[in-house]
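Have a look at the structure below, then the notes.
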Ligand code: PEP
Ligand code: MG
């Protein structure tokens, strides 16, 4: 292999040419040739050589080779010259075809393709050459053609008589002479040399440079060139140009599509005026076209194309279609085109390639972008459907759903009862909206960020959700949603939430339904074999747990128990507990909650049989559970048989300036220990029930939230141990359990060495940890996050993708200090970042045992964990 130039067919099969030197197309053609496929013979000129030619001219560098080329190829052979940039998207000059026609060589060409065909090619060469080499206007040549069509009164240029074609060649030569001042060159090697010069110099032109740099090319990007024997596409027998794809882009399953234009050359012809023919009989019949398909014209060509595609898949490790030419029935491949594919198609293609041995399973796993698995899990708007977008916000929970606008959780429940789909539209959601969210098919809020209440719950439910849609206005008095350009949508209007893109659309576009079996489940099973890190789910309800099991998680990593108390049948007892004046009253209220909590846990343990379940003790400030409206306060006073004033006063007393930094998490456990005692009892009694019944024994994990000091853990631990001992005595059995903490305050991270002594595990709550590290409210950041990302303050929303530099360092410090104190300490992450591939990678590097994420993100996490291992 010379540095300068190389013959396509001289490249050995195990040698992959560098695209930076030989261009993407050149390198690919050499591979095809090495695989023994029918590629026209040719020569590659390297980027360095092209650069030198641009300086000194081709004649200096190539003169010997160029005259040799024609001399060695015979009289009737024509050449093509194509640009081969290192990346196709960088563009490059158009190809020049049919180089080598001269008056002297015309008869030999006529013998091959007939006189009209030869004349047509001659005209096209003069036009192309004049345009590329001499900078003439192609329109002048097209006008000559149009005049002939008019003169002979024919419908198209294809019907022009031979006489007219002779005239056209003469006119083209005359035009050339007129404009250039010299006759059209009659030496084939001189034609090629001038064309090579023009292409090499054209690459350095200002407009070409600006264009490719706008597509990401570096300033010193080079251009390689390909000189190849022309496959004519015109002449006797079946001749023509075509493009074929052999896989269905949307599903990744085998399917033939494409176009074929008889008596034509090059890809451009397919974009031209004549309607191309289809490839298979079936597609032709479906399209009701009468023009015969390629399959009917040349069945063996289609058979060969399929076989060549299989050869390329095995040789290049991916599926390709082809740009091809038929010359007298002979098939020539002009290029291999990587088959385009949707996210779903990509999974099918990768698993099929691995099954056929074209690539390894690991390569298949690495080829899929984990985030794109979302397209398998939720209904999506069909990419071909028109989109009438009237609002946008943050893509808080993926998938799409169509329903009628409702403005309250009650209306969502009513709609569900009537079998209607409702989109719950709120300013922002509060914990009481959970039931309404369960009943809605999608959620839209005007305020809130990626970890706002609505977003977290929606992700858990797999409900499409857009939050922080600040360009929409709610007119609640008139029950309208108003877009920034003044369109209004009344209650009951049909809208669609696209939670994948963060868009709100009018009407009901076509949807594509999820698909979880087949290639998807194959890929996931390979991921599970490859990964070393566990993936658990954040699951609060039996429904979540069932979804999580369906997604084959390794357990529950976070059960937020507060969500169990918002249920209609419990909220009153919860509120009585909160409003209690004395410890006795509080214990009484808690006693009514105990059996309900126990039943919750029995159900969870049953669903998760044999898998670990980590339950977090109550976390939110109690104020969140109290009613907000006067009406609800009234109802509560009545239910408790106390004056309304007592309810309002108590609510006022509980209100905090900074509830997220107030009396919540373990601070509740320390100041009102009876709450955690009740929860611990519910957990142990449930474990006792399930363990007596089932063979698989549950080892409950109990997790203390918002810890910042060792003493907090000691206090809670003592109480929990006492309850465990009581339950074991009462039930006459032994229970094993683990007690651990959430590391979600910076202090807990820094004091990890201390805290590890009392904890079997650390689970990093990176939502709170991010909030506290930045001093940035997770519920309010959405309002300005876009500005911050746009202005480059954050590269990404740190609530979405872990801030490796800052929060990440705290994680590393805590992991190191914790493991130094206790090498067996189990480490995990259960914030929203547990479903983010980049963050998962970080956890693997940091030596974590598992991540925990919302059930619908579990497949993404499983694949990301596998990739982090590979
Ligand atoms: C966290 O803070 O990361 C966490 C998992 O807990 P929550 O989101 O419930 O505060
Ligand atoms: Mg938290």
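Residue numbers (our numbering): 694 to 1563. Beta carbons are placed, not taken as given, at the ideal position from N, Cα and C, and that holds for glycine.
Beta-carbon proximity list for residue i, same chain, < 8 Å, skipping 5 on both sides
i	result
residue 1066	1036, 1040, 1213, 1552, 1553, 1556
residue 1064	1530, 1553
residue 1225	1537, 1558, 1562
residue 1450	1403, 1514, 1515
Reference residue i; option with closest CA among the options
i	options	result
residue 1526	1322, 811, 1504, 1285	1504
residue 641	1323, 1097, 945, 1435	There is simply no residue 641 to check, as the chain begins at 694 and stops at 1563 in what is shown.
residue 855	893, 825, 816, 874	816
residue 1264	1523, 1125, 1513	1125
residue 1083	1200, 1147, 1123	1200
residue 1547	1514, 1245, 1355, 1008	1245
residue 1274	1535, 1163, 1377, 1347	1347
residue 806	784, 782, 931, 850	931
residue 1115	1121, 1428, 1103	1103
residue 1309	1476, 1012, 1470, 1456	1456
residue 880	771, 941, 847, 1052	771
residue 1329	1269, 942, 1305	1269
residue 813	1521, 1528, 795	795
residue 1038	1007, 1013, 942, 1060	942
residue 819	1397, 808, 831	831
Own chain partners of residue i with C-beta closer than 7 Å, once the 5 adjacent residues on each side are dropped
i	result
residue 1374	1287, 1416, 1420
residue 833	868
residue 959	788, 790, 934
residue 1383	1295, 1298, 1299, 1391
residue 829	823, 872
residue 1053	1047
Cross-strand partners of residue i (DSSP beta bridge)
i	result
residue 921	735, 773
residue 1433	1396
residue 1074	1204
residue 1543	1227, 1521
residue 1135	1116
residue 850	In the DSSP output, where bridge partners are listed per residue, residue 850 has none listed.
residue 1191	1093, 1196
residue 1454	1519
residue 1167	1174
residue 1013	1031
residue 959	Per DSSP, none; premise fails for residue 959.
residue 933	955, 1019
residue 1404	None; residue 1404 has no bridge partner.
residue 1252	1308
residue 1181	1175
CB of residue i within 8 Å of CB of residue j, strictly
i	j	result
residue 743	residue 714	no
residue 1160	residue 1087	yes
residue 792	residue 921	no
residue 1570	residue 1133	As shown, the chain starts at 694 and ends at 1563. That puts residue 1570 outside it, with no answer to give.
residue 732	residue 1030	no
residue 1218	residue 1152	no
residue 706	residue 728	yes
residue 986	residue 976	yes
residue 1442	residue 1507	yes
residue 637	residue 1314	Here the chain covers residues 694 to 1563 and nothing more, so residue 637 does not appear.
residue 939	residue 1080	no
residue 1043	residue 1209	no
residue 651	residue 1389	Past the edges of the chain, shown from 694 to 1563, lies residue 651, and the structure says nothing about it.
residue 1098	residue 1192	no
residue 878	residue 887	yes
residue 889	residue 737	no
residue 1020	residue 925	yes
residue 1141	residue 1101	no
Beta-carbon contacts of residue i that lie in its chain and below 6 Å, excluding the five residues immediately before and after
i	result
residue 1370	1412, 1416
residue 1119	1138
residue 1203	1075, 1078
residue 1493	1143
residue 1272	1343
Chain B within 8 Å of residue i, Cβ atoms only
i	result
residue 1440	Protein chain content of the structure displayed is limited to a single chain, and chain B is not contained in it.
- Mind listing which residues have their beta carbon within less than 7 Å of any non-hydrogen atom of the ligand MG? Chain order is fine. 1312, 1398, 1399, 1435, 1437, 1458, 1460, 1461
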